[in-house]
Each structure stands twice: as structure tokens, then as C-alpha cells.
Amino acid sequence: MLKYKNLLICLGLISLDQIIKMTLKNCDQIVIIKNILSIDIYGNGKMSLGIALMLFSSITILIAIMNNYNFINIGIFIIFAGVSSNLIDLLLIGFVIDWINLGSRIAFNLADVYILLGIVVITRKFSKT
63 MLKYKNLLIC LGLISLDQII KMTLKNCDQI VIIKNILSID IYGNGKMSLG IALMLFSSIT
123 ILIAIMNNYN FINIGIFIIF AGVSSNLIDL LLIGFVIDWI NLGSRIAFNL ADVYILLGIV
183 VITRKFSKT
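Mapping the sequence shown onto our numbering, position 129 (from 1) lands on 191, and the numbers just tick up by one.
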């Protein structure tokens, strides 16, 4: 039952990220804190942060497997949701849609947050064992 619950959570997270991206596609920039935080669509063809997160999450999952860690874990499903949602963007439109902008140099999306959150969940499990 836990496996299906985690799968449903994963699908829900992917859907939430994709729905937000579709909703914001036709919106103008929303400034929350001037020059610090805004919501605006940005097509990330380079995906520097996303690639780094995907690489780090892959290494984290590999370490979990090598240590006989319980693979059916919510942290891994959260990482999978983030990677999958960004992969959907890449496959369907050729780039990842980032929409959370910090300052003028950092842009990311909810899927990137999922990846980071999943890494935190897994590393906290490692530190407790």
C-alpha cells in the first residue's frame, strides 16, 4: 500500500508543477519583492541548476542503493517527481520552464525544489542511522 501512496504523491507533485507552469505561461511578471523575488516565465535551455540537481540526486540515490537503504522511500519519490517534471518540459518543448526568480541571476521551478527537498529527506535519513 505504501508503494502506491508514494506513487500517487509523486504523480500529484508532477501534476502540480506542470499545472503551475501552464497557468503562468500567459501571465505577466509578478513582482513580490522588488529586485529580489518575482514570478516570471523563463525558458531555461542551459539548465545549469537543473543538471546539477539531477546529477546530485542521482548520486544520492546511488549511495542509498549501495547502502541497502529502503528504496521505496518518499525522498526518492520526491526526487523522481522533480526530475520527471523537468524531463517532461525538455521532451515536449525543448527546454525547462523556470518561473521563480531570485534577483536577476537565479531562476528555478517547483520541480527543482522537489529535487532539493528529496535530497534533504534522504540525507537526513542517512544522518540518523
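C-beta atoms are modelled at their ideal positions from N, C-alpha and C, and glycine is treated no differently.
None of these values were measured; they are calculated from a predicted model.
Discussion item. Count Cβ pairs between the region 84-96 and the region 141-157 that sit closer than 8 angstroms; are there 3 or more?
Written reply: no
Worksheet entry | Beta-carbon gap between residue 71 and residue 136 smaller than 8 angstroms | Position 9 of the sequence shown, counting from 1, holds the residue named residue 71. Position 74 of the sequence shown, counting from 1, holds the residue named residue 136. Result yes, Cβ atoms of residue 71 and residue 136 sit closer than 8 angstroms.
Practice prompt. Have a look at the DSSP bridge pairing and note the partners of residue 196.
Written response: Limits of the chain in this structure are 63 at one end and 191 at the other, which puts residue 196 out of reach.
Discussion item. From the DSSP secondary-structure annotation, give me the bridge partner or partners of residue 169.
Written reply: One-based indexing of the sequence shown puts residue 169 at position 107. Answer is 163.
Worksheet item: In its own chain, which residues sit with a C-beta less than 6 angstroms from the C-beta of residue 79, not counting the 5 before and 5 after it?
Response: The residue you call residue 79 lines up with position 17 of the sequence shown. Correct list, in chain order: 147, 172 and 173.
Practice prompt. Could you tell me which of 83, 186 and 66 sits nearest to residue 155, measuring between CA atoms?
Written response: Taking the sequence shown and counting its residues from 1, one reaches residue 155 at position 93. Ranking the options by Cα distance to residue 155, first place goes to 83.
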